[in-house]
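With this note's numbering applied, the sequence shown covers 170 to 295.
Cβ coordinates follow ideal geometry from the N, Cα and C atoms, glycine included.
Taking it in order: structure first as structure tokens, then the write-up.
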Amino acid sequence: MRNCPLCTVELQEVSLHHEQVDICSECCGIFLDNGELGSIVKMVKIFREIDLDEEDIDTISVEDRKRDLFCPVEGATMRPVDMSGVVVDVCPDCGGIWLDGGEMSALRLAESNLRANLNLYTRLGR
Ligand SMILES: [Zn+2]
Ligand SMILES: [Zn+2]
């Protein structure tokens, strides 16, 4: 069982494109396991598929993001990573990625930049 790092409610497992993603029904945040990020194209597809009611919320910058998020998998402290101006939280242990609800819109807009950055990120490894 995994809980939302923000709301602590239980995450709901949803299957999209044969990938399991964990979604919080409270804050619309999404957790992606490292293995689930097989290809960025798939990831963007998932973002598109999840049709949430959200405005285009500006993401919080790395500097402003003063919070401790703990990975739903093993509880490691997640680190903010800037991807094309969109800050996502990445677990240094399992490589899982946490996206706040509002970050999805921003990621959709930054799709091509994100693809490049994510490739770089994956290449640099953990
Ligand atoms: Zn939540
Ligand atoms: Zn983790």
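Could you check the C-alpha separation between Glu-179 and Glu-243 for me, to the nearest Å? Locating residue 179 in the sequence shown gives position 10, counting from the first residue. Locating residue 243 in the sequence shown gives position 74, counting from the first residue. Straight through space, the alpha carbons of Glu-243 and Glu-179 are spaced by roughly 15 Å.
Please report the straight-line C-alpha distance between Met-247 and Pro-261, rounded to a whole angstrom. As a first step, residue 247 must be located in the sequence shown, where it is residue number 78. As a first step, residue 261 must be located in the sequence shown, where it is residue number 92. Rounded to whole angstroms, Met-247 to Pro-261 spans 6 Å at the Cα level.
Chain-order list of residues whose beta-carbon lies under 6 Å from that of Thr-177 (same chain, five-residue window excluded): Indexing the sequence shown from 1 puts residue 177 at position 8. Closer than 6 Å at Cβ, skipping near neighbours: no residue.
Nearest-angstrom Cα separation, counted from Leu-201 out to Cys-263: In the sequence shown, the residue the question calls residue 263 occupies position 94. In the sequence shown, the residue the question calls residue 201 occupies position 32. Answer to the nearest angstrom: the Cα atoms are 10 Å apart.
Would you report the Cα separation of Ala-245 and Ile-199, rounded to the nearest angstrom? Walking along the sequence shown from the start, residue 245 turns up at place 76. Walking along the sequence shown from the start, residue 199 turns up at place 30. So the alpha carbons of these two residues sit roughly 17 Å apart.
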